[in-house]
Every structure is written in C-alpha cells, then in structure tokens.
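Novice:
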Amino acid sequence: MAQFWKPGTEKPRLVEDEDGGVIFLSSSYSSSSSGYGYVSIEKQRQRLPVYKYRTAILYLVESHATTIVVGETGSGKTTQIPQFLKEAGWADSGRVIACTQPRRLAVQAVASRVAEEMGVKLGEEVGYTIRFEDISNPDLTRIKFLTDGVLLREMMDDPLLTKYSVIMVDEAHERSISTDIVLGLLKKIQKRRPELRLIISSATIEAKSMSNFFLSSKRRQALEGEELRPRLEPAILSVEGRGFNVQIHYVEDPVRDYVQAAVSTVLLINDKEPPGDILVFLTGQDDIDAAIKLLTEEARSNGKNSSGLIILPLYSGLTRAEQDLIFSPTPKGKRKVVISTNIAETSLTLEGIVYVVDSGFSKQRFYNPISDIENLVVAPISKASARQRAGRAGRLRPGMCYRLYTEEYFLNEMSVQGIPEIQRSNLVSCVIQLKALGIDNILGFDWPASPSPESMIRALEVLFSLGVLDDDAKLTSPVGFQVAEIPLEPMIAKMILSSNELGCSDEIITIAAVLSIQSIWFSARGAQKELDEAKLRFAAAEGDHVTFLNIYKGFLQSGRSSKWCHKNFINYHAMKKVMEIREQLKRIALRLGIVLKSCETDMQLVRKAVTAGFFANACRLEAYSHGGMYKTIRGSQEVYIHPSSVLFRVNPKCVIYHSLVSTDRQYMRNVISIDPSWLTEVAPHFYQQQRHNPTIH
Ligand code: CDP
Ligand code: MG
C-alpha cells in the first residue's frame, strides 16, 4: 500500500482555510463510538450537533426573516430542524413547514427518516412530494419535504406559498438551478409576506455572500430608519462541525482507469485495514454498475478475506428496498461497500463509513450557448467537493480518504468551488417557469448568480420557435400556458401538445413517460450480447421512441409480468414507474383538453410529433466514419449515435435526439429518424434564419 499511496499534507485539523472549506475538527459526535445501532432514536437525536443549537435556531427563526445555518453534513440540519420548528408551534393552525432538497432520492430518504423519528406514518404528519410522486396529505401533513423543482411548481398555483410558515432551502451550497431560482423567488415573496420565515442551510457555504443576497441595498436603508421586526438582516448560525480526523492519501501517479483503481483500493483496504465501511465516489449508474461487477468478481477470486463484503450501489432511481439496505446497520463481521454518485457527498449521511475512496469526478451538466448543446459530462470535482467527500469518513471514528488523484493535482489544478448549475445549463425550462410566474424581465431577475446573456437569448429563441413565447417574449395563449402547465421539459410538453393535433397522443404520452426515467433496460454488464438480442426483439426501424412503444405493448400483453421483463432484459421497476407516470400525464393531458387518441400503426405521425418538440436537436449524417458521424443541423457540432440506440450503425440520413452524453465523443441517446422537410414545416423561424447552415437537404 505504501508504494501506491502517499499520505497528504492537507492539514486535517483545519477549521476553516482561505478557500472557506470547513472541515475536520477533532472532537467526537458522542462519548461512545459504538455506532448508532443500539441506541434509542431519541438518544440519537440528542447526540446530533444541531441538538445543542435548538434554542438558538428557534430564537433566530422567530426574530429574523432569514436564517442561514451552516453545518457539516450529518450534523442533523435536515432531519432535526423541521422537527424543532414543529415542536415550537410553527406547524400549528394548519400551517406547514417545508424543507426542499435538490435531489429526489434525498427527499424520500429524509422524509422516511423523520417520519420514523416522530413515530408517524409517512404521508400523514410527515410527507414528501417529488415529481410524479406525492406522498403527502393536504389536511394532515405538517412537515413536508419536497424537491426545489416541486416548490417552483407549487408557486404556479399559489404564488405566495401561503400554506407554508417556514421554508427551509436545504443543500444550498449545491447551487442547483432550481435552488437558485427558488432563492430569487423567495426573496420576492418575503417582501409580500413578512411573516414567512426562511432557513437557508448548507454544508459549506459562503454564508456572507448568501446573507448579502438576502439583504439588498434598499433593505439596508429600511433597516437604518426603524427597528424592524422580524429583523431583515439574515442571521448566520454556524453549527460546529464535529467529525473525526480524516487522514488523506493520494496516488503517486495519475490513474488511467478510476473504476479499476477504485476497485483495487477497496480490496486493499479490505485486506489491510481494520473493520469499517467503505464509501466509494464514482459518477453515475454506468460506472457504478461496472465497479460492482468488477469488485464482485475480484473479491470472489481473492478468496476468503473478501467474502464479508456487502457491495451496494447508491444512485437516484433505486427502489425503496434498495435504499433501506444502504441505511441498515452493517452486520457484525461484515463490511459494507457503498458505491455512490455524489449524492452521498452531502445529501445523505451513511453511518459506519470509515474509509472513503474518491475518484475525483462527478457527472455534471454543461451547456454551450454557441453550439446550443447541453450534455452530461464526467468532469473533475472541486476542492470543496473533495473535502466534503473526505469528511464522510470521519463520522464514527478517525477515518481515511483515498484520493484517486495526485496531491499535486489537488493542490494546483482542482478548482476551489464548483460553478453554479445555472451558469452551465440550458435555460429553456428555467425561462418558461419564470414566465409562467409572471416574471417578465428575466435578465433583470434577482439571481444569486446571473446566468449568461447568451444562454438566456438561446432559450428565448427556442421558446419562440416552439410557439411558447410571442414577439414580446410573453407566454402565448393557449400553447405557452399549456406547455408551462406540463411538469416536463418544454420540448416534451410541446411534443405532447402537437400529438393532440396529429392524432397520436396515446403513443406520445407513453414515449414521454419513458423519456422521463433514466432507462427501461436492465443494466447488463457482462451480458451485453443477451441485452442486444433482447433489444432486437423490439427494435423499430424508426428508432428508439417507436421501440419504446413496442416494449410498452409487449409489457401490457404479458399482463405486466415481471417474468416477462426479466426474460427481455427490461427493468420491471422502471416499467412500473412508466405506467405510473403515464397515468399522471394522462390526467394532466385531460385537464388541458387533450383527448387520448391512438394513431394505430401510422408511425409517421409519431415521428412528426417528436419533431414538433425536438426540432432543435436535429442532426444530419455527414460521414460513415467511426460508425456514423452526424452534425447538428443548427450548430454543426459533431455527434454520434450512442451504442445503446437501436439506430446505432443503422445511420438514417436525418435524426433527432432526446439528449446527449459525452464521453470520448458526444453521443446521442434516444434517437428517431425523421424527414428533414418536416423541420421547416414545424419550426420555420428556427431553420430558415440560419446564418451558418442555411440549407437542409
Ligand atoms: O442534514 P445534515 O447533513 O446536517 O444531517 P441529517 O441528514 O439531518 O442527518 C442526521 C442523522 O440522521 C445522521 O446521523 C444520519 O445518519 C441520520 N439519518 C439516517 O439514519 N437515515 C436517513 N434516511 C437520514 C438521516
Ligand atoms: Mg442535510
């Protein structure tokens, strides 16, 4: 181990360094380090660092419009503060306490934890809402967890969010696009509802800049004149971080394959280090599944030492049972290895982790307004993230973090902070949501971090071409309002509306449901051949969207059988989810006056409806090199059909994709072939005013 790893020089006892990263204090969470498995829930609650701040938090919330709470991950912010508020009466007389999270899985996990702590049934006093899943009760729910995206949706029906007495915007340091929009809007709402209390909470935050954001110059003046209650200046409370020391190890030389390196490191830890669970940070379902397979194989061939490993994945889209496994205590004599996306970085805390393996990467969204391309890229994390990840090892006792990058890289090349998502995203969804909330001057909106004007202009242009905005950049009636009403990306919403005119809404709603989940295929590392064969059974010449229809039909004909799914390499849970989403979309469609109608076998109509929504993602085949090179018609960007698509190597002349993923190249996922003449038909403005590429052939 010593030849491979060198201990780092990062000072472990630092409280706060110049970059503002708060880490690694040396005292403990509890006087005993026996873990939490044997203590009562009430005891567990009292041991959390925020418990000591209960009175302070309640006092600040009472006396300040906005309270900023900074505290290390696992200190109890998310699970405890809403309970404190409830106990103090903030949920009396029918009022509700809201707590937002950027991630759906975190919403589910913390809501069920809090329900358990309070001894109530989830969905009653404690509930949650994520898109397409509402486990709350308007009459009973007093503490409600929800994604910040759902809170935005709620503003459409209730612009002042009147039912909430306190809104806690959690994980604010993540700076997700919806968090930023929510913060901007809440600041506005506060002016109209002085009794509303906000709590902004985060693991590491530049609390000062967040505080300044909530204190505009006008308010500063207002403060000078009179004594205002509740005080408008935000209060900042720092909950003492109380993890144990974490020893950092770096690789001597850069690693070529972080999946392989992560697996070898887990096995090394297992061979050489005392008991304690291991948390591995990779980037997404694909590399996590690959690592699990590799680790399982290598552990098996490694002999008896590795037989005690319990290897578990952690990424969004896990079933409830799978989530429970992650949180359940590790049996004696066993060692849990959780292989996770960056969801375990701050959103969720796993007890028992002593070792962290950090790949140094995460999946991040990047958008280029020049090429109008947005994709998910595996990109290096920031120093702030690296510190958070390391900190996960120090909850139970002193821990170790193995960074799969060199110390030199950490010190000299890693960026200090990540870039807020709003500055690296396509803004189409964001703009339409603000428009629907009556915010017309979007550039002048009070952003915690301003998006680039280029991205904004691109978004306006696409929305204009979709017929959602008019010449004055106002929502059109009825299309604009209808698109805004559908809780899906505007392009999908437009596709649904067009399907109504074309007479294929039944099919398009199924497609929309499938596109809103990650994948309906069972991930089949090592069984690629079988998976490909299964795909062939359903493959449609038109492309993936029509293939989904074949699968859906097959699933219905099988009587929604899990056996059938298994036989065909289809993820049964995903199909059940598709059915649920489809039902909800059907309801929304009916509300909008869309009558479900099937086009039977006329797939041309389906392809046209897809084009009406996704014309901006049209690509033309340029060359047969590398299995078929395409260029986006608009921006002349090189893209390729993803090997998972049924059109891979089929290479139709003109296609439309649903999304891009970028690895060594830009790959199109979910592709359908179209007739290029449809483009000018459905989006004349978009395709006729071309500067670079005026002709479509
Ligand atoms: O929000 P913060 O990171 O400050 O902490 P938290 O999420 O409130 O977690 C407080 C404690 O609750 C930790 O010890 C977690 O391990 C525990 N917890 C849990 O056991 N199961 C969950 N689903 C969520 C939290
Ligand atoms: Mg939390």
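So the sequence shown is residues 127 to 823, counted in the working numbering.
Every residue gets a Cβ at the ideal spot worked out from N, C-alpha and C, and that includes glycine.
Predicted model only: the values in this text are computed from it and were never measured.
1. So, with DSSP's three-state summary, where would you put Met540?
2. Relative to the C-alpha of Leu278, which candidate in Ile315, Ser291, Asn468 has its C-alpha closest?
3. With a 10 Å radius around its C-beta and 16 neighbouring C-beta atoms as the bar for buried, classify Val552 as buried or exposed.
4. Using the rule of at least 16 other Cβ atoms within 10 Å of the residue's Cβ for burial, across every protein chain shown, is Phe812 buried or exposed?
5. What residues are listed by DSSP as bridge partners for Leu601?
6. Answer with buried or exposed for Lys620, where buried requires no fewer than 16 other C-beta atoms within 10 angstroms of its C-beta.
7. Could you tell me if Gln683 is buried or exposed, where buried requires 16 or more neighbouring beta carbons within 10 angstroms of its beta carbon?
8. What residues in its chain sit with their C-beta under 7 Å from that of Ile612, if we drop five residues either side in the sequence?
9. Where do the ends of the alpha helix (DSSP H) carrying His671 lie?
10. Do you know how far the Cα of Leu324 is from the Cα of Val187?
11. Can the beta-carbon of Ser485 be found less than 8 Å from the beta-carbon of Thr409?
12. Short check: CB of Leu438 to CB of Ile452, under 8 Å?
13. Thinking just about the alpha-carbon of each residue, which of Arg791, Ser770, Arg733 is nearest to the one in Ile782?
14. Locate the alpha helix (DSSP H) running through Phe370, then write down its first and last residues.
15. Using only the alpha-carbon positions, how far apart do Trp804 and Gln234 sit?
16. Taking 7 Å as the cut-off, does the CB of Glu297 come closer than this to any heavy atom belonging to the ligand MG?
17. Report the partner residues of Trp647 according to the DSSP bridge assignment.
18. DSSP state of Ile418, grouped into three classes?
19. CB-CB under 7 Å to Ile822, same chain, minus the five flanking residues each way: which ones, in chain order?
20. For Tyr813, name the three-state secondary structure that DSSP assigns.
21. Which full runs of the alpha helix (DSSP H) of 4+ residues lie inside the region 269-297, going along the chain?
22. In terms of alpha-carbon separation, which member of Arg319, Ala361, Leu184, Leu322 lies closest to Phe339?
23. Taking its Cβ as the centre, do 16 or more other Cβ atoms sit within 10 Å of Arg382, making it buried, or is it exposed?
24. If Asp658 and Leu773 are in contact, beta carbons under 8 Å, what's the gap, nearest whole angstrom?
25. Out of Tyr766, Val504, Val480, which has the shortest C-alpha to C-alpha gap to Gln490?
26. So the beta strand (DSSP E) Leu440 belongs to, where does it begin and stop?
27. Could you name the residues that DSSP lists as bridge partners for Arg529?
28. Could you please go through the chain and list the residues whose beta-carbon is closer than 6 Å to any non-hydrogen atom of the ligand CDP?
29. In the DSSP assignment, the beta strand (DSSP E) including Ala308 goes from what residue to what residue?
30. Assign Pro175 to buried or exposed, taking buried as 16 or more other Cβ atoms, counted over all protein chains shown, within 10 Å of its Cβ.
31. Would Leu272 be called buried (16 or more neighbouring beta carbons within 10 Å of its own) or exposed?
32. Is the CB-CB distance between Ser302 and Pro228 below 8 Å?
33. Taking Phe370 and Arg523 to be in contact with their CB atoms under 8 Å, please state how far apart those CB atoms are, rounded to whole angstroms.
34. Buried or exposed: which applies to Tyr750, given that a residue is buried once 16 or more other Cβ atoms fall within 10 Å of its Cβ?
35. Would you tell me roughly how many angstroms separate the C-alpha atoms of Tyr290 and Leu718, rounded to the nearest one?
36. With the cut-off set at 8 Å, would you say Ser364 and Gly253 are in Cβ contact?
Specialist: On the basis of the supplied data:
1. Coil, per DSSP.
2. For Leu278, the closest of Ile315, Ser291, Asn468 by C-alpha to C-alpha distance is Ile315.
3. The sequence given here places Asn at residue 552; Val does not occur at that position. So Asn552 ends up on the buried side.
4. The residue in question, Phe812, is buried, as its Cβ has 16 or more Cβ neighbours within 10 Å.
5. Paired residues: Leu595.
6. Its Cβ being crowded by 16 or more others within 10 Å, Lys620 is buried.
7. The residue is exposed, with fewer than 16 neighbouring Cβ atoms inside 10 Å.
8. Excluding residues within five positions, the ones whose Cβ falls inside 7 Å are Ala619, Ile622, Ile714.
9. Unbroken alpha helix (DSSP H) run through His671: 670-683.
10. Val187 and Leu324: Cα-Cα distance of roughly 8 Å.
11. Yes.
12. Cβ atoms of Leu438 and Ile452: closer than 8 Å.
13. For the set Arg791, Ser770, Arg733, the Cα lying nearest the Cα of Ile782 is the one of Arg733.
14. Counting along the chain, no alpha helix (DSSP H) covers Phe370, and no H or E run does either.
15. Just so you know, the alpha carbons of Trp804 and Gln234 end up roughly 42 Å apart.
16. Closer than 7 Å to some heavy atom of the ligand MG: that describes the Cβ of Glu297.
17. According to DSSP, which records beta bridges pairwise, Trp647 is partnered with Ile696.
18. Three-state result, Ile418: helix.
19. Caution is warranted here: a pLDDT of 42 is assigned to Ile822, below 50, making its placement in the model unreliable, and the coordinate value is therefore given only provisionally. Hits under 7 Å: Ile759, Pro802, Leu805, Thr806, Tyr813.
20. Tyr813 falls in the helix class under three-state DSSP.
21. Those alpha helix (DSSP H) runs which fall completely within the region 269-297 and span 4+ residues are 274-283.
22. Ranking Arg319, Ala361, Leu184, Leu322 by Cα distance to Phe339 puts Ala361 first.
23. Its Cβ having fewer than 16 others within 10 Å, Arg382 is exposed.
24. Actually they do not touch by this definition, with Cβ atoms about 13 Å apart.
25. Among Tyr766, Val504, Val480, the Cα nearest to that of Gln490 is on Val504.
26. Membership of Leu440 in the beta strand (DSSP E) is indicated by the continuous run 435-440.
27. The partner list for Arg529 (beta bridge, DSSP) reads Tyr376, Asp484.
28. Ordered by chain, the residues meeting the criterion of a beta-carbon within less than 6 Å of a non-hydrogen atom of the ligand CDP are Leu174, Gly197, Thr199, Gly200, Ser201, Gly202, Lys203, Thr204, Thr205, Gln206, Ala235, Val236, Arg239, Phe453, Thr475, Glu477.
29. According to the sequence provided, residue 308 is Val. The question's Ala does not apply to it. Counted as a single uninterrupted DSSP element, the stretch harbouring Val308 is not any beta strand (DSSP E) but the alpha helix (DSSP H) occupying residues 303-318.
30. Answer is buried; the Cβ neighbour count reaches 16.
31. Buried is the call here.
32. Contact: yes.
33. Confirmed, Cβ separation roughly 6 Å.
34. It is exposed - the Cβ of Tyr750 has fewer than 16 other Cβ atoms within 10 Å.
35. Cα-Cα distance, rounded: 28 Å.
36. Not a contact, by the Cβ cut-off of 8 Å.
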